[in-house]
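First residue of the sequence shown: 18, per our numbering; consecutive thereafter. Working notes, structure below.
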Amino acid sequence: MQHTLKTSVTFVGNGLHSGAPARMTVRPAAAGHGIWFKRTDIEIGDSMIPAIYDLVERTPLCTRLVNEAGVSVSTVEHIMAALAGCGVHNALIEIDGPEVPIMDGSSVDFVRGIMTRGVRQQAAPVLAYQVLKTITVEKDGASATLMPADGLEIEFTIDFADAAIGRQTRRMDMRNGSFVRELSDSRTFCRRADVEAMRANGLALGGTLENAVVVDGADVLTPGGLRHADEAVRHKMLDALGDLYMAGGPILGRYVGEKAGHSLTNTLLRTLFETPGAVRPILCSPEQAALLPGQGLIWSEIPQVA
Ligand SMILES: [Zn+2]
């Protein structure tokens, strides 16, 4: 069955790229509502932005949703991953600024907030998107694939010259709370060499060593070091879960990302939905719903982070 939050939960902080402060409140919503953002600081024009793949602007460093009135919200992927991973299908996310607060760079604060409020079951089955054909998209040596599978699986490979990251591969089945347990506390990361270039382009203005893992060759500059030896690839899997949730519901399929980013995963979703016979919406049976993330969440399994 579909789920929403029992009560609202609020998060406050600055955006990673804009540095802009924002107060974000995730509210319960009716069955069939889906995930929507509402810019409460926009007084003229359409402030409602559905979290759907064809409103994603394909920017390389974060996922930005833009509605037809040109109203946008940026860096939605980590709250989307938390909602997907906690099995929240319906929510209205009110935000009074242009960018979702980055928190600690992972999804763990969002997960803890959602699970503190709890979720409640609604009187409608989950609408999921079942992958029927294998679809692959490629760009600049990166690739992203979706193929048929009973549940949702995510596999990712990254390969960086910096020895602190190097080549990392991980494959996970997303059922039974594995997102919360294994991925939710993995933080966004970047190379020190890229920080200046991003700032020169007006990005990462809110980035600090407290909300991103910064590496320089073999060194991890962030105090306390890594939370997992392969934190970087785990974060890419977190991003993929959030970006895939922009399908409009959970995906039943296997995702394989090789050096992929937000933009390529969005191209994959667009191609999937444009390809005749590649995907179909289904109302999940209890057996299918049991294979989705959000089933089997256990409070004590939320990672404890400093
Ligand atoms: Zn991310």
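Glycine residues also receive a C-beta, built at the ideal position from the N, C-alpha and C atoms. Values in this document were obtained by computation on a predicted structure and should not be read as measured data.
- Here G219 is exposed. Its C-beta has fewer than 16 other C-beta atoms within 10 Å.
- When P118, I299 and G274 are compared, the shortest CA-CA separation from S91 is found for P118.
- In chain order, the residues that have a beta carbon nearer than 5 Å to some heavy atom of ligand 1 are T205 and D256.
- Assignment of I96 by DSSP, reduced to helix, strand and coil, places it in the helix class.
- When DSSP states are grouped into helix, strand and coil, A101 belongs to the helix group.
- Comparing alpha carbon positions, the residue from V230, V250 and D190 closest to L308 is D190.
- Our two residues, T288 and I110, have alpha carbons roughly 27 Å apart in a direct line.
- At a Cβ-Cβ threshold of 8 Å, T24 and I152 do not count as neighbours.
- Boundaries for T21: no alpha helix (DSSP H) harbours it, while the beta strand (DSSP E) harbouring it runs H20 to L22, taken from the DSSP string.
- For K55, the enclosing beta strand (DSSP E) starts and ends at I52 to R56.
- I131: member of the alpha helix (DSSP H) spanning V125 to R134, first to last residue.
- Leaving aside the five residues that flank D113 on each side, the residues in its chain whose CB is nearer than 7 Å to its CB run, in chain order, A39, R40, T57 and D58.
- With respect to the C-alpha of A277, the residue from E213, E155, R209 and R271 having the closest C-alpha is E155.
- The beta carbons of T205 and G259 sit no closer together than 8 Å.
- Rounded to whole angstroms, T186 and G274 show a C-alpha spacing of 10 Å.
- Boundaries of the beta strand (DSSP E) around T153: I152 to K156.
- In the three-state scheme derived from DSSP, where H, G and I count as helix and E and B as strand, L285 is classed as helix.
- If you draw a straight line from the Cα of A141 to the Cα of A264, it is about 19 Å long.
- Secondary structure of F196 (DSSP, three-state): helix.
- The C-beta separation of A101 from P310 comes to about 6 Å, placing the pair in contact by the 8 Å criterion.
- Cβ-Cβ separation between A108 and R44: approximately 7 Å, consistent with a contact (criterion under 8 Å).
- Runs of the beta strand (DSSP E) lying entirely within the segment 179 to 266, each at least 3 residues long, are 184 to 190, 206 to 208 and 230 to 233 in chain order.
- Secondary structure note for P303: its alpha helix (DSSP H) is the uninterrupted segment P303 to A306.
- Taking all protein chains in view, the Cβ of L22 is crowded by 16 or more other Cβ atoms within 10 Å, so the residue is classified as buried.
- For Y70, there is no enclosing beta strand (DSSP E), since its DSSP letter is neither H nor E.
- A straight-line Cα-Cα distance of about 19 Å links F127 and G266.
- Counting C-beta pairs closer than 8 Å gives fewer than three between the segment 238 to 248 and the segment 84 to 99, which falls short of the contact rule.
- Beta-bridge partners of T42 (DSSP): T27 and E111.
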